[in-house]
Amino acid sequence: MTHPVRSILVATDLTSRSDRAVDRALELGREWNADVHVVHAIERDAPTTALDVRRVLPDPGAKASVSLPYGPAPKAITDTAREMGSDLLVTGVARYNDLGDYLLGTAVDHVVRNASAPVLVVKQRPHGPYRRLLIGSDFSKGAKAALLGAAALFPEAKLHLVHAYHVPFESRIKSEDVRDLARAEAQRKLDALLADPDLPETVRARITPHLEPGEAGAVLDEVARQVWPGLVVIGARGISGFVQAAIGSVASTLLQRIGVDTLVIKED
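First residue of the sequence shown: 338, per the working numbering; consecutive thereafter.
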C-alpha cells in the first residue's frame with residue numbers, strides 16, 4: 338500500500354537545535370520512501386547557500402532537496418510547504434528571531450493555523466519508528482480526523498486514545514453519582530466512536546482507550562508517563578479540551594510540559 342506522505346518539508350535554523358527534527362524527517366523519508374525538502378528561512382542578508390544547509394545534515398549526501406526562502410521563518414516555512422505540496426511539515430523547538438521567539442506559542446500558532454499539512458514538532462532524538470502513539474480526543478469531528486490521520490501515517494503503531502472528561506462542580510460536589518454520570522457520558526461517546534462505521538476494524542483493533550477525569554493537558558501528561566509514547570497526536574479543530582492545548586499560547590505549555598514529539602493534524 339502506498340503511504341499517504343510522499344513529500345516531507347523540514348525546517349532548520351542551521352543550529353544544533355534543529356538536528357533532531359532533520360534527523361527525524363530523513364528517517365521518515367527513508368521509512369515511507371518520501372521526498373524530503375530541507376528549508377532554511379533567510380530573514381536578513383546573509384551569505385547562506387544550499388551547501389551550508391547540507392553541511393548540517395547528518396549525512397551531507399542525504400537524499401534531500403534544499404530551499405532558502407526569504408522572510409520571517411514561520412510564514413516562509415508554511416508558504417514553502419504549500420508551494421511544494423508537502424504532506425507533512427517537520428520542525429524542532431527552535432528560536433527563529435531576534436526577540437527570542439521560539440517555535441512555540443505565537444509561532445506554532447501561525448504554523449498550525451496556516452500549514453496546509455500536519456505539523457510534527459520534534460523534541461527527542463529519533464530511535465527508530467514511532468511504536469506507541471498517544472492521541473488526545475474530545476470526540477469531536479476534528480479529533481476523529483486526527484485519529485484516522487495518525488492511524489494512516491503510522492499503520493503499525495499502537496494507538497492510545499486519551500479523553501479527559503469534566504466532573505461538574507468537582508471542587509464542591511464529591512458525590513459518587515456525579516462522577517459516575519460524568520464517566521458514563523465519556524464512555525457513551527467512546528462507544529459511539531468505536532462503533533462508527535468510518536472507523537476501520539484494523540484501526541479499532543489497535544486502540545487502547547484511556548478515560549480520565551481532569552484538565553486535558555494534565556491528563557495527557559499523566560497517561561504519557563504511564564505508556565511512554567514516542568508521539569503525541571492532537572487535532573487542531575474541535576470544541577474543547579485538547580483543541581485548546583493544540584493552538585495558541587497553551588501549546589507552549591503543553592509542548593514544554595510533555596517533552597514528547599507532537600503531531601498536530603488539522604481537520605480538512
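The C-beta atom is built at its ideal place from N, Cα and C for all residues, glycine as well.
Going straight from the alpha carbon of Val597 to that of Val570, what length do you get? Counting from 1 along the sequence shown, the entry for residue 597 is found at position 260. Counting from 1 along the sequence shown, the entry for residue 570 is found at position 233. Val597 and Val570: Cα-Cα distance of roughly 10 angstroms.
Can you confirm whether Leu394, when its beta carbon is compared against all beta carbons of chain E, has any partner nearer than 8 angstroms? Included in the structure is just one protein chain, with no chain E present.
According to DSSP, simplified to helix, strand and coil, what is Asp424? By 1-based counting over the sequence shown, the position of residue 424 is 87. Here Asp424 sits in coil by DSSP.
Beta carbon of Ala401, beta carbon of Ala378: below 8 angstroms? Working through the sequence shown from its first residue, we reach residue 401 at position 64. Working through the sequence shown from its first residue, we reach residue 378 at position 41. Result no, Cβ atoms of Ala401 and Ala378 do not sit closer than 8 angstroms.
Need the endpoints of the beta strand (DSSP E) that Gly545 sits in, please. In the sequence shown, counting from the first residue as 1, residue 545 sits at position 208. Note that residue 545 is Thr in the sequence shown here, rather than Gly. Here the beta strand (DSSP E) through Thr545 covers 544-550.
Quick check on DSSP: helix, strand or coil for Arg541? For the purposes of this step, residue 541 is taken as residue 204 along the sequence shown, with counting starting at 1. Looking at Arg541 - three-state DSSP - the assignment turns out to be helix.
Every unbroken beta strand (DSSP E) inside the region 491-535 [3 residues or more]: Complete beta strand (DSSP E) runs here, min 3: 495-502.
Reference Arg367, options Val342, Ala483, Leu388, closest by Cα: The sequence position of residue 367 within the sequence shown is 30, counting from 1. The candidate whose alpha carbon is nearest that of Arg367 is Val342.
If you draw a straight line from the alpha carbon of Gly479 to that of Val449, how long is it in whole angstroms? Working through the sequence shown from its first residue, we reach residue 479 at position 142. Working through the sequence shown from its first residue, we reach residue 449 at position 112. Rounded to the nearest angstrom, the two C-alpha atoms are 14 angstroms apart.
With burial defined as no fewer than 16 other Cβ atoms inside 10 Å of the residue's Cβ, what is the status of Lys603: buried or exposed? Taking the sequence shown and counting its residues from 1, one reaches residue 603 at position 266. Buried, because 16 or more other Cβ atoms sit within 10 Å of the Cβ of Lys603.
On the criterion of 16 or more Cβ atoms from any shown chain inside 10 Å, does His374 qualify as buried, or is it exposed? As a first step, residue 374 must be located in the sequence shown, where it is residue number 37. Result: buried.
For the beta strand (DSSP E) holding Leu365, just list the boundary residues, first then last. To locate residue 365, count along the sequence shown from 1; it is residue 28. No beta strand (DSSP E) contains Leu365, which is instead part of the alpha helix (DSSP H) from 356-369.
Use the C-beta contact count for Pro492: other C-beta atoms within 10 angstroms, 16 or more gives buried, fewer gives exposed. Residue mapping note: residue 492 aligns to position 155 of the sequence shown, counting from 1. Label assigned to Pro492: exposed.
Report all residues from its chain with a CB closer than 8 angstroms to the CB of Glu522; omit the five preceding and five following residues, and keep chain order. Mapped onto the sequence shown, residue 522 falls at position 185. Here the set comprises Tyr502.
How is the alpha helix (DSSP H) around Asp372 delimited, first residue to last? In the sequence shown, counting from the first residue as 1, residue 372 sits at position 35. It is not in any alpha helix (DSSP H) - Asp372 instead sits in the beta strand (DSSP E) that spans 372-376.
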